[in-house]
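**Student:** Mind having a look at this structure? Questions to follow.
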Amino acid sequence: MYTFSEIKIALSESLAKVEQFIQTVSPATLHAKPTAKWSIAEELFHLISSDMGSAQAFSQSASTLRETRHSLRNYNEIVAEYREKYAMGGIVIPTHLVPDEETHNRQQMQFLDDFSRAASTLQQSLSTWTEDILDLFTVWKHPLLGPVTAREMLFFTIFHNRHHLASMQAKQTYLENNAKM
């Protein structure tokens with residue numbers, strides 16, 4: 003998963019799997035909090051906001067971006083660095099990515115519509131990017147990873163979708179198993 007074509011396929015798959023998952027979430031599990039961490043609804047809000055942020059980053063014209071000044075990292079390096087720094091603590095999630103009070107009033111279909119729109123916007127935002135410029139420009143400064151190129155941002159976005167999907171699936175399984183008791 004290193005060429006732009008392979009990355010776009012992996013991104014599309016990660017987005018489709020989240021979309022499919024949203025369709026399986028029952029009203030009883032959507033807002034339930036099995037742990038002190040976020041509910042499925044809160045994770046969906048965070049994921050939708052994050053994917054829209056990625057779309058915004060890719061909507062910028064390359065001519066307005068800074069040239070990359072760091073060594074390039076592959077998918078596995080992005081994931082390992084993120085996990086290492088996350089485990090050390092100290093991440094401050096930007097406020098626009100933190101669930102708000104309105105999140106608690108939203109239902110499954112609203113999340114599905116918003117996620118579908120975010121996924122579509124993100125994929126459309128890649129239309130002006132090409133393989134030969136993915137590593138040339140810094141598109142964002144991640145709170146833990148620092149400056150990231152377009153390719154690194156795509157790696158992170160794929161990982162981030164997969165990470166939150168696994169977390170939401172675990173919460174769903176836990177809630178469904180404990181509701182039957």
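Just add 2 to the spot in the sequence shown (first one is 1) and you have the numbering used here. Positions of the beta carbon are idealized from the N, C-alpha and C atoms, including for glycine.
Identify whether R153 lies in helix, strand or coil by the three-state DSSP scheme.
**Tutor:** Note: R153 maps to helix in three-state DSSP.
**Student:** Taking the C-alpha atoms as reference points, what is the distance between M183 and L49?
**Tutor:** With a pLDDT of only 47 at M183, under the threshold of 50, the placement of this residue in the model should not be trusted; the figure read from the coordinates follows. Each residue's alpha carbon lies about 31 Å from the other.
**Student:** Whole angstroms are fine: how far does the CA of P29 sit from the CA of T175?
**Tutor:** Straight-line Cα distance between these residues: approximately 14 Å.
**Student:** Using the C-alpha atoms, what's the distance from S41 back to L32?
**Tutor:** Roughly 7 Å separates the two Cα atoms.
**Student:** Can you give the Cα-Cα distance for R153 and A43, rounded to whole angstroms?
**Tutor:** Spanning the two alpha carbons is a distance of roughly 29 Å.
**Student:** Apply the 10 Å Cβ neighbour rule to S51 and answer buried if 16 or more other Cβ atoms are within range, or exposed otherwise.
**Tutor:** Under this definition S51 is a buried residue.
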